[in-house]
Every structure is written in structure tokens, then in C-alpha cells.
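Engineer: In UniProt numbering, the protein residues as written are 1 to 503.
A virtual CB, placed ideally from N, CA and C, is assigned to each residue, including glycine.
Structure incoming, see below.
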Ligand SMILES: NC(=O)C1=CN([C@@H]2O[C@H](COP(=O)(O)OP(=O)(O)OC[C@H]3O[C@@H](n4cnc5c(N)ncnc54)[C@H](OP(=O)(O)O)[C@@H]3O)[C@@H](O)[C@H]2O)C=CC1
Ligand SMILES: O=C1O[C@H](COP(=O)(O)O)[C@@H](O)[C@H](O)[C@H]1O
């Protein structure tokens with residue numbers, strides 16, 4: 001794509017020296033450049049606190065792109081992009097810093113003809129959101145009278161409903177709702193965008209997508225990595241705020257929502273909010289019964305010994321922060337009444353995987369069931385990552401003289417073929433911010449209702465002084481998570497357990 005005035009902008013990345021910028025944002029910008037999608041009239045200012053020059057910064061992000069981009073390094077393309085990336089040093093609370101930043105922005109506007117358009121990307125810890133937005137407002141840097149000014153807020157948006165409401169109010173004082181992009185990078189993943197298509201563009205799925213045919217739904221996201229160097233942040237967040245409040249509930253809403261009246265942003269968001277409003281209210285009794293929290297201890301990941309969470313950098317040796325959570329809840333509406341939704345996410349588990357498993361109800365126990373006893377259930381698995389696709393398990397007769405019935409599978413993997421290279425979530429999302437499309441970002445009421453659900457859990461954990469369940473690194477969480485399903489005569493479908501079997 002060549003110059004497009006609407007996309008032209010300067011992107012200011014607050015937190016330009018941070019992990020997210022190095023691992024995701026700069027590589028995503030490079031990928032957009034590589035594909036020719038980035039506008040010509042474009043520049044980046046990375047804001048950090050550390051002392052360094054633009055030249056040093058460019059050398060550092062060159063290494064990050066080499067490590068994390070999905071494309072090989074093309075030195076010519078990199079040169080074109082990196083020449084427009086600048087480092088600006090300031091503390092977020094420093095007024096002089098914003099004055100200098102604003103001058104610099106005006107200078108780049110002239111140099112690159114960026115029209116005064118700005119993306120302010122807050123790749124910073126949640127505690128800094130309010131300070132930065134407040135200062136942008138104070139220094140009239142959010143003023144969009146002659147150009148567009150958009151702000152991207154990373155997650156978690158607040159640490160509970162109250163702080164999220166306060167933060168939202170502060171952001172609204174500076175930016176109009178249409179210019180606020182609350183990012184949840186899971187929404188940028190290919191398969192999340194595909195869930196609606198799978199559901200609403202296939203005649204054989206939608207009619208059975210309800211409590212008459214579905215027995216339960218399992219939404220799991222497991223990681224092999226531990227907390228890495230993010231102990232300071234993670235100690236305050238835990239898996240509940242880090243993953244459930246945002247990514248896991250987004251997966252749930254897309255799975256459970258009603259068909260929107262059309263494909264416009266607000267119509268889709270309206271339906272997602274209805275799901276969040278229908279979530280079962282978790283009373284303290286239900287939290288104690290249906291929510292399991294765990295913390296990884298030492299163990300082995302891919303044969304390599306790894307420390308427990310309490311031994312990690314910037315983690316308290318008696319920390320009670322959960323690195324794993326499993327829960328059961330219901331979407332209390334006409335479609336889903338009686339169908340349990342099981343959610344599970346954790347770090348230091350045996351595989352990196354995000355999947356939605358739809359387990360169908362058994363058929364009446366006559367015919368084959370009478371003859372051959374229990375059969376495997378029909379499963380539809382929406383594979384979000386690392387493989388992207390759909391997996392269907394059904395029963396068939398084993399070929400030969402016997403009448404044995406076995407589960408067989410149809411597996412559609414859209415990123416398994418050579419040459420297939422799905423865009424990274426951040427690529428799609430950064431591009432959407434530049435072109436002003438907020439469909440894949442969360443509206444305020446989605447955030448609000450997610451916090452209502454999560455606060456009920458956090459409140460009980462806060463009040464309770466119980467020990468957290470431990471699990472060995474490299475295992476599928478504490479035994480209580482298995483017991484949660486075993487009580488319902490069900491089991492988790494772990495990655496690797498639902499896969500091709502030889503018949
Ligand atoms: N990392 C990840 O994988 C993901 C992160 N996120 C979210 O992204 C956000 C950023 O996370 P992450 O990159 O891991 O965080 P880091 O701790 O790695 O980076 C924080 C950044 O903020 C800067 N900073 C902090 N305080 C100040 C200050 N007072 N003045 C100026 N600069 C300051 C740091 O600058 P300096 O180092 O120079 O002091 C650094 O650039 C968080 O909201 C997180 O939840 C979301 C999804 C994934
Ligand atoms: O937002 C976050 O997501 C990552 C997991 O993202 P994925 O795209 O690799 O599945 C998680 O590691 C991190 O703790 C959390 O902040």
C-alpha cells in the first residue's frame with residue numbers, strides 16, 4: 001500500500017524499552033512494513049526512562065525484530081522503518097518531558113507529513129495509565145480539532161471495577177470513546193476472528209449450538225513459560241486479572257453470543273455484552289466450590305528443570321498469587337441454561353495451547369450404545385494456537401470384520417501448511433488503530449461487566465486466608481482442577497489427548 005493520508009501518523013509508544021514493545025510491538029510494525037501495509041507517512045517515538053540514544057535503541061530493537069518477527073530480516077526494509085523510529089527519554093510524571101515530546105512530535109509531523117495524527121500506545125504497567133493520559137490532556141496533546149488522536153490502553157484495564165471506572169473517567173476527560181482503543185490482543189488472533197464465521201456461516205453448526213445438544217464447553221489457555229521477568233507486575237495481577245478478566249472472557253463471549261443484527265462494530269459488541277451480563281453471579285459459596293486457584297512449584301518443562309513461582313525474580317517467597325485458575329460458570333440465558341462453561345488458564349503447564357472444546361451430549365442409550373457400552377463423545381475443538389483450525393471428533397466403525405466403534409477425527413489446520421504464516425495479533429490490531437477500526441477492541445461496558453464477574457472471585461480470595469494449591473511445573477494444574485470436573489462426571493480435554501488416533 002502506498003501513502004494513505006488517513007493512516008498517516010506518528011505512533012508514540014510509552015514503555016518503548018519494555019518487554020511488550022520489544023517482543024510484540026516493534027516486530028509487528030516491522031511485519032506491517034515487510035508486507036507493504038505501513039503507510040509511507042509514518043514515524044515512531046519510543047518513550048522510556050533509561051538513558052540511551054536513538055542509535056543504541058535502534059540497534060536493540062533490530063535484535064528484537066530478528067528474534068521475534070515472523071519474517072526474515074530484510075535489511076533494506078528495516079532501514080526504511082528504523083530510520084523513522086526515535087527514542088525519547090522522560091519520566092511519565094515529568095511535565096517538561098511532555099513539552100519536549102510535543103515539540104518533537106510537531107517536528108516529525110513536518111518532516112513526515114503526518115498531519116498531526118497520533119497514536120498514543122500505553123505499553124506500560126496499569127499504574128501509569130492515568131498519569132500519562134492526564135498529562136497528555138494537560139498539555140493539549142489529546143486535542144483532535146485538526147487531526148485524529150487515538151489512545152491504546154493495554155490490559156488489565158484497572159485492577160477491579162472501581163479502579164477501572166475511575167480510570168475510564170480519566171481517559172474520557174481526555175479522549176472521546178471512539179478514540180479509545182482498549183486492547184485485548186486475543187481479539188487480534190486469527191481464530192478469534194474466525195469463531196463468528198464458524199458459527200454463523202455454517203448451516204451444520206448454528207442449529208446445534210445450544211443447550212439441547214451441547215453438554216459442556218471448555219475454554220483452556222495453557223502456557224509453558226513462567227512469569228519470566230514480569231514478577232513485579234504479576235504479583236499484583238495473578239492469572240485472574242492477567243488472563244481471565246480479558247482474554248478468557250473474550251473467548252467465552254464469542255463462543256456464547258447470539259448472532260448480531262449485522263457485522264457493525266457496535267452490533268457485535270452489544271451481543272458480547274449481553275453474554276457478560278448473563279454470566280452466573282458467583283456468590284462466595286460458588287467461588288469456594290467452583291473456582292480453583294493454583295501456583296506452580298518447581299518441576300520440569302521439556303526435560304529442563306525450572307524453579308517454582310516463589311523462587312522467581314521480584315516474587316515474594318510466601319506469595320499467594322495464583323499462576324493457575326480453573327472455574328465453572330454458566331451463561332444464564334435461554335440458549336445456554338444448564339450448560340457449564342469451564343475456564344482454565346495457567347503458566348508452566350505441559351503445552352502452549354489455547355482451545356475451545358465443545359462437547360456434545362450423548363445420544364439415547366439404544367442401538368450401538370446398548371451393544372457396545374460407553375462411547376467417546378462428539379467433540380468440536382476450535383484451535384486458537386499454536387495450531388489454528390477446527391477439529392471434529394465423531395464415532396465410526398473400525399474397518400474389518402469386527403463391529404467395534406472408535407472415535408475418528410477430521411482435522412482442519414489452517415496454519416499447518418508450508419507457506420502459511422498467519423499475522424501476529426498485534427499486527428492486525430496496530431493496523432486497525434491506524435485506520436480507525438475499533439471492532440477488535442473492547443468497549444467500556446465489556447470491561448465493566450468482566451470486572452463485575454472477576455471481582456466476586458477476587459473478593460473471596462482476598463477475604464479468605466487459605467493456602468493456595470500447588471502444582472508441579474509441567475503438569476496440568478493442581479488436582480482440585482481435575483476434581484472440579486470429576487464431580488460433574490466430566491474430564492478436561494487436554495491438548496494431545498484429543499488428537500488423531502490410529503484406527
Ligand atoms: N509483556 C507481555 O507479554 C504483555 C504485556 N502486556 C501489557 O503491556 C503493558 C507493558 O508490559 P511490559 O512491556 O511487560 O512491561 P515492562 O515492565 O517490561 O515495561 C514497562 C515500560 O514502562 C517504562 N516505565 C515504567 N515506569 C516509567 C516511568 N515512571 N517513566 C517512564 N517510563 C517508565 C519502562 O521504562 P524503563 O525500562 O526505561 O524504566 C518500560 O519501558 C502492561 O500493561 C502489560 O499488562 C499485555 C500483553 C502481553
Ligand atoms: O496478556 C497476556 O498474554 C500472554 C499470553 O499471550 P499469548 O498470545 O502468548 O497466548 C501471557 O503470557 C501474559 O502473562 C499476559 O499478560
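1) Compute the Euclidean distance between the alpha carbons of residue 86 and residue 30, then round it to the nearest angstrom.
2) Less than 6 Å between C-beta atoms, sequence neighbours within five positions excluded: which residues of the same chain meet that for residue 258?
3) DSSP state of residue 224, grouped into three classes?
4) According to DSSP, is residue 250 part of a helix, a strand, or is it coil?
5) Go ahead and label residue 166 buried or exposed: buried means 16 or more other beta carbons lie within 10 angstroms of its beta carbon, across all protein chains shown.
6) Out of 266, 15 and 322, point me to the one whose CA is closest to residue 121's CA.
7) Are the Cβ atoms of residue 425 and residue 186 separated by less than 9 Å?
8) Enumerate, from N- to C-terminal direction, the unbroken beta strand (DSSP E) stretches of 3 or more residues contained entirely within the region 327 to 381.
9) From the DSSP output, which residues share a beta bridge with residue 436?
10) Here's the rule I'm using: 16 or more other beta-carbon atoms within 10 Å means buried, otherwise exposed. How should residue 374 be labelled?
11) Just verifying my parser: in three-state terms, what is the DSSP assignment at residue 243?
12) Report the residue from 486, 32, 364 and 371 whose alpha carbon sits nearest the alpha carbon of residue 342.
13) Check the C-beta distance from residue 433 over to residue 119 and give it rounded, since I have them as a contact under 8 Å.
14) Over the uninterrupted alpha helix (DSSP H) stretch that includes residue 257, give me the two end residues.
15) Buried or exposed: which applies to residue 93, given that a residue is buried once 16 or more other Cβ atoms fall within 10 Å of its Cβ?
16) In the DSSP assignment, what residue or residues form a beta bridge with residue 53?
17) Measuring CA to CA, which of 413, 90, 139 and 88 is closest to residue 191?
18) Is there at least one non-hydrogen atom of ligand 2 closer than 8 Å to the beta-carbon of residue 221?
19) Give the straight-line distance between the Cα atoms of residue 133 and residue 170, rounded to the nearest whole angstrom.
20) In angstroms, rounded to a whole number, what distance separates the CA positions of residue 370 and residue 278?
21) Just curious, the beta strand (DSSP E) that residue 200 is in, first and last residue?
22) Tell me whether residue 88 sits in a helix, a strand or coil according to DSSP, three-state version.
23) For ligand 2, is there any heavy atom lying closer than 8 Å to the beta carbon of residue 230?
24) Nearest-angstrom Cα distance between residue 39 and residue 108?
25) Leaving out five residues on either side along the sequence, give the residues of the same chain with a beta carbon under 6 Å from the beta carbon of residue 442.
26) Going by beta carbon distance, what residues of the same chain come within less than 7 Å of residue 422, once the five residues before and after it are set aside?
27) Short check: CB of residue 367 to CB of residue 378, under 9 Å?
28) How far does the alpha helix (DSSP H) with residue 488 in it extend, from its first residue to its last?
29) I need the DSSP call for residue 118, collapsed to helix, strand or coil.
30) Leaving aside the five residues before and after residue 5 along the sequence, list all residues of the same chain whose C-beta is less than 6 Å from its C-beta, in chain order.
31) By how many angstroms is the C-alpha of residue 222 removed from the C-alpha of residue 302?
32) Please go through the same chain and pick out, in chain order, the residues whose beta-carbon is closer than 8 Å to the beta-carbon of residue 296, but skip the five residues on each side of it.
33) Would you say the beta carbon of residue 278 is closer than 8 Å to some non-hydrogen atom of ligand 1?
34) Do three or more CB pairs link the region 139 to 155 to the region 98 to 106 at distances below 8 Å?
35) Relative to the C-alpha of residue 287, which residue among 339, 431 and 463 is closest?
36) Just to confirm my understanding: we take residue 155, look at its own chain, exclude 5 residues before and 5 after, and list those with CB closer than 7 Å. What are they?
Structural biologist: This is what the structure gives:
1) 15 Å
2) 271.
3) In the structure shown, residue 224 adopts coil according to DSSP, grouped into three states.
4) helix
5) exposed
6) With distances taken between Cα atoms, residue 121 lies closest to 15.
7) yes
8) 340 to 346 and 353 to 360
9) Answer by DSSP bridge pairing: none, since residue 436 is not bridged.
10) Exposed is the label assigned to residue 374, since fewer than 16 other Cβ atoms lie within 10 Å of its Cβ.
11) Here residue 243 sits in helix by DSSP.
12) 486
13) 5 Å
14) Taken as a continuous stretch (DSSP letters only), residue 257 belongs to no alpha helix (DSSP H), as it is neither H nor E.
15) exposed
16) Partner(s): none; residue 53 has no beta bridge.
17) 413
18) yes
19) 7 Å
20) 38 Å
21) Run containing residue 200: none in the beta strand (DSSP E); it sits in the alpha helix (DSSP H), 190 to 200.
22) strand
23) Relative to the non-hydrogen atoms of ligand 2, the Cβ of residue 230 comes within a distance shorter than 8 Å of at least one.
24) 15 Å
25) 182 and 184
26) 190, 388 and 415
27) no
28) Unbroken run through residue 488: none, as it is neither H nor E.
29) strand
30) A caution first: residue 5 carries a pLDDT of 44, below 50, which makes its placement in the model unreliable, though a value can still be read off. Within the same chain, residue 5 has no close Cβ partners at all.
31) 14 Å
32) 226, 308, 309, 323, 324, 346, 347, 348, 470, 471, 472 and 473
33) no
34) yes
35) The candidate whose alpha carbon is nearest that of residue 287 is 463.
36) 183, 184 and 246
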